[in-house]
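A.B. asks: So for the sequence shown, our numbering puts the first residue at 4; every next one is plus one.
Yeah, the Cβ is synthetic: ideal placement off N, Cα and C, and Gly gets one too.
Computed from a prediction, not measured in an experiment: that's the story for all the values here.
One structure coming up, written as structure tokens, with questions to follow.
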Amino acid sequence: MRPVNRDSLPHLVRVAWELSRSWACTLRTRVRAAWWGIELGSGCEFHGAPILRRLPGTRLTVGARGRFRSATWSNLAGINRPCVLATVGEGAVLRIGDDCGFSGTVVGAALSVTIGNRVMAGVNTMISDTDWHPVDPASRAAGGPGKAAPVVIGDDVWLGANVLVLQGARIGAGSSIAASSVVTGEIPPGVLAAGSPARVVRVLGG
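Okay, structure coming up:
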């Protein structure tokens, strides 16, 4: 622990204050998750209040030791919204693995979103298996979440800030997606991908 002096005091007070706020946020979020029928694993932490929604007849599960940063004070990289976990289509399934971290991340499932273990999402990322609204005006007027296709993100994936992972995307284990990229197709394991749409830039490791 740092020695307590005039140099370290502001930092230590801030850490203590944020720990107390995070503890309170975690307690409140667990109560809200239970109310919504959302399954939270042990050791999950919430820094700021996320938005949670589970449509009746759907399933939303979060693995152990997840970290969700929704408050501006919880990430100095610049969060501009709370985390959102939502199922929005009949029979949808949203599964998040163990030891994942999200900062201002929206995850929406109208059909199926599967996120592996140890996945990290940079600030203001979005993962969605749906267009949210149909492209055709007549269909849009009738309501409904629009076109949907399953999304699968493998273990140990890193999503940079402001990445969009859209319907039908599949990202292989151990891959990294560069900031502000848009993933619409399949990214193989163990690569760095970038761009809109994201394309493989190089193989990682080796």
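Go ahead and label residue 25 buried or exposed: buried means 16 or more other beta carbons lie within 10 angstroms of its beta carbon, across all protein chains shown.
C.D. replies: buried
A.B. asks: Ends of the beta strand (DSSP E) at residue 93?
C.D. replies: Per DSSP, residue 93 belongs to no beta strand (DSSP E) and is neither H nor E.
A.B. asks: Tell me the residue span of the alpha helix (DSSP H) that contains residue 15.
C.D. replies: 12-39
A.B. asks: Would you call residue 41 buried or exposed, if buried means 16 or more other Cβ atoms sit within 10 Å of its Cβ?
C.D. replies: A residue is called buried when at least 16 other Cβ atoms come within 10 angstroms of its Cβ; residue 41 meets this threshold and is buried.
A.B. asks: For residue 123, collect the residues of the same chain with a Cβ closer than 6 Å to its Cβ; drop the 5 residues on either side in sequence, then sort them by chain order.
C.D. replies: 104 and 161
A.B. asks: Is it the case that the segment 79-98 contacts the segment 15-33, given that we only count it when at least three CB pairs across the two stretches are under 8 Å?
C.D. replies: no
A.B. asks: Run the CB neighbour count on residue 127, radius 10 Å, all protein chains shown included, and call it buried at 16 or more, exposed below.
C.D. replies: buried
A.B. asks: With DSSP run on the structure shown, which of helix, strand or coil describes residue 161?
C.D. replies: Strand.
A.B. asks: Tell me the rounded alpha-carbon separation between residue 185 and residue 196.
C.D. replies: 10 Å
A.B. asks: Quick check on residue 199: buried or exposed, where buried means 16 or more other Cβ atoms within 10 Å of its Cβ?
C.D. replies: exposed
A.B. asks: Measure the C-alpha to C-alpha separation of residue 188 and residue 54 and round it to an integer number of angstroms.
C.D. replies: 28 Å
A.B. asks: What do you reckon, is the C-beta of residue 104 under 8 Å from a heavy atom of the ligand GTP?
C.D. replies: No copy of the ligand GTP appears in this structure; indeed no ligand is present at all.
A.B. asks: Check residue 77 in the structure and name its three-state DSSP category.
C.D. replies: helix
A.B. asks: Going by DSSP, which residues form a beta bridge with residue 198?
C.D. replies: 201
A.B. asks: Report all residues from its chain with a CB closer than 6 Å to the CB of residue 89; omit the five preceding and five following residues, and keep chain order.
C.D. replies: 56 and 111
A.B. asks: Tell me the DSSP bridge mates of residue 82?
C.D. replies: Per DSSP, none; premise fails for residue 82.
A.B. asks: In terms of residues, what are the limits of the beta strand (DSSP E) holding residue 114?
C.D. replies: Segment: none, residue 114 is in no beta strand (DSSP E) and carries neither H nor E.
A.B. asks: Compare the beta carbon distance of residue 174 and residue 163 with 9 Å and say whether it is the shorter of the two.
C.D. replies: no
A.B. asks: Could you pull out every residue in the same chain whose Cβ sits closer than 8 Å to the Cβ of residue 91, ignoring the five residues on either side in sequence?
C.D. replies: 56, 58, 111, 112, 113, 133, 135 and 148
A.B. asks: Which two residues bound the contiguous beta strand (DSSP E) that contains residue 166?
C.D. replies: That residue, residue 166, is in no beta strand (DSSP E); it is neither H nor E in DSSP.
A.B. asks: Please state whether DSSP places residue 133 in a helix, a strand or coil.
C.D. replies: strand
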